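Residue numbers (our numbering), protein chains in the order written: chain A, -15 to 181; chain B, -15 to 181.
There are 2 protein chains.
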Amino acid sequence: MKLYDLELSGNCYKVKLFASLINAPLDIVPVDYLQGEHKGETLLKLNPWGEIPILEDGNVVLRDGQAILVYLANKYGGEAWWPSEAHLQADVMQWLSVAANEIQHGPNTSRLIEKFGVESDLALSLARSTRILTLINNHLADKDWLAVNRPTIADCAIYPYISIAHEGGVSVDEYTHIKAWMKRLEQLPGYISMPGN
Amino acid sequence: MKLYDLELSGNCYKVKLFASLINAPLDIVPVDYLQGEHKGETLLKLNPWGEIPILEDGNVVLRDGQAILVYLANKYGGEAWWPSEAHLQADVMQWLSVAANEIQHGPNTSRLIEKFGVESDLALSLARSTRILTLINNHLADKDWLAVNRPTIADCAIYPYISIAHEGGVSVDEYTHIKAWMKRLEQLPGYISMPGN
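Here is the structure:
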């Protein structure tokens, strides 16, 4: 199973983190992002979005970190990480949307601006970061995990860009419930940290 | 089953559209958005995000249009709309992420600015709209449906804000494959249009 990967990408890291938690072997294919390899002919055929991660598993080719988590959990991770029962699955799904929306346009965007010089509205992404971190912190006040009372792909989808939020000028120091949740996740067997962190 | 609803919301419409396609009865509870009812104590208890739609089905309470689609499809819609097999489910999931990310921050945001006077970066949301509509149009060049060769919740998640994109100054006239796909969707038994359209 091949993962087209960029070490600096939190969206790639979430796939590697989850694969490690379920002990699924990944063949890592580093993509030369600075040279624009992700927008070259070969990778655009695999993902017209021009983004990574891309997962290749036999004939299956998938883009989008959240979709890849669903695939890995469904195929290799099992019920624990991605429940099949409707209300439990939808509970996890709520957080996959948060990863694609509020995290992407909050902490992830702040980091793109501050660390990589991407042009975007920093004040807006910082305000979005504060909003979503506050919501998550409140949510975790009486819960150990984001969804269904156990570690799931919800946690794997949300954790990466929070764990490197400081690179975008976003501090999680005041969010005590988030910090406790991160520690719990970091103690799971198979946990790996973001490269460079 | 109760849906806390706003007629003008495409995210509420997607739930009503899908419920109609699978003939699941919804008890519509109109929310007084102008009076800020969605940010009042009662609804914040159901959804701390302060957003609608909210679905209530017995003890199950869900926020987020995509999560509600997953719930309804899993519980009432069946395999056809939300396949359980890993690579098919992940194919649909890719589009649920597009709904939460690129559609939300493209056509949806352009409409919020142009129709409702929300302050945001119009040039950015228009550029994002062009990008995602081009990607979707290319994707549909040789396909009838967004995922797995049949109508699924992927189509229900993406269609609403494209069908009202003109309200945000985004024309779909040039995207012939998107227009053909919209017509196919509009011919499905049980299809209902966005209120006011």
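Ideal placement from N, C-alpha and C gives every residue a C-beta, glycine not left out. Small disclaimer: the values here were computed from a predicted structure and weren't measured.
Inset, instruction - Spell out the partners DSSP gives A:Leu46 in its beta bridges. - result: A:Leu39
Legend entry - With 16 other Cβ atoms within 10 Å as the buried cut-off, status of B:Ala64: exposed
Legend entry - Given B:Leu53 as reference, the closest of B:Gly90, B:Gln19 and B:Ser4 once Cα atoms are compared: B:Ser4
Legend entry - DSSP state of A:Val13 mapped onto helix, strand, coil: strand
Inset, instruction - Report the option in A:Ile116, A:Ser155 and A:Lys(-14) whose CA atom is closest to the CA atom of A:Asp41. - result: A:Lys(-14)
Legend entry - C-beta neighbour in chain A for B:Lys59, strict 8 Å: yes
Inset, instruction - Can you tell me the Cβ-Cβ gap for A:Leu130 and A:Ile142, rounded? I've got them flagged as a contact below 8 Å. - result: 6 Å
Legend entry - Beta-carbon neighbours of B:Leu46, restricted to chain A and to distances below 9 Å: His71, Ala74, Asp75, Met77 and Gln78
Inset, instruction - Quick one: grab the DSSP three-state call for B:Asp105. - result: coil
Inset, instruction - Give the DSSP bridge partners of A:Lys182, in chain order. - result: This structure cannot speak to residue 182 of chain A, because chain A is shown only from -15 to 181.
Legend entry - Proximity of A:Leu169 and A:Pro135 at Cβ, strictly below 8 Å: yes
Legend entry - Nearest candidate by alpha-carbon position, reference B:Asn122, set B:Asp105, B:Lys99, B:Lys163 and B:Leu96: B:Lys163
Legend entry - N-terminal and C-terminal residue of the alpha helix (DSSP H) that B:Ser147 is part of: Ile137 to Ser147
Inset, instruction - Using a Cβ-Cβ cut-off of 8 Å, state whether B:Val54 counts as contacting chain A. - result: yes
Inset, instruction - Using alpha carbons as the reference points, say which of B:Asp16, B:Thr93 and B:Ser68 lies closest to B:Ala107. - result: B:Thr93
Legend entry - Three-state class that DSSP yields for B:Asp126 in the structure shown: helix
Inset, instruction - Select from A:Leu172, A:Gly20 and A:Asn181 the residue whose C-alpha is nearest the C-alpha of A:Ile6. - result: A:Leu172
Inset, instruction - Pull out every residue of the stretch 22 to 38 of chain B whose Cβ sits closer than 7 Å to any Cβ of chain A, in chain order. - result: Pro32 and Trp33
Legend entry - Contact set for A:Val45: own chain, Cβ-Cβ below 8 Å, skip 5 residues either direction: Leu30, Asn31, Ile38 and Leu39
Inset, instruction - Compile a chain-ordered list of the residues in the stretch 89 to 105 of chain A whose CB is closer than 7 Å to at least one CB of chain B. - result: His89 and Asp105
Inset, instruction - Could you pull out every residue in the same chain whose Cβ sits closer than 8 Å to the Cβ of A:Leu124, ignoring the five residues on either side in sequence? - result: Leu130, His161, Ile162, Ala164 and Trp165
Inset, instruction - Within its chain, find whatever has a CB closer than 7 Å to the CB of B:Leu186; leave out the 5 residues flanking it on each side and keep chain order. - result: In the structure displayed, chain B extends from -15 to 181; residue 186 of chain B sits before or after that span and is not available.
Legend entry - CB contact below 8 Å: B:Asn85 versus chain A: yes
Inset, instruction - Could you check which residue in A:Leu72, A:Gly152, A:Ser113 and A:Leu18 has the C-alpha nearest to that of A:Ala138? - result: A:Leu72
Legend entry - B:Gln50 versus B:Ser(-7) - alpha carbon distance: 14 Å
Inset, instruction - Say whether the stretch 81 to 91 of chain B touches the stretch 108 to 117 of chain A, bearing in mind that this needs 3 or more beta-carbon pairs closer than 8 Å, one atom from each stretch. - result: no
Legend entry - C-alpha gap between A:Ser81 and B:Cys(-4), whole angstroms: 15 Å
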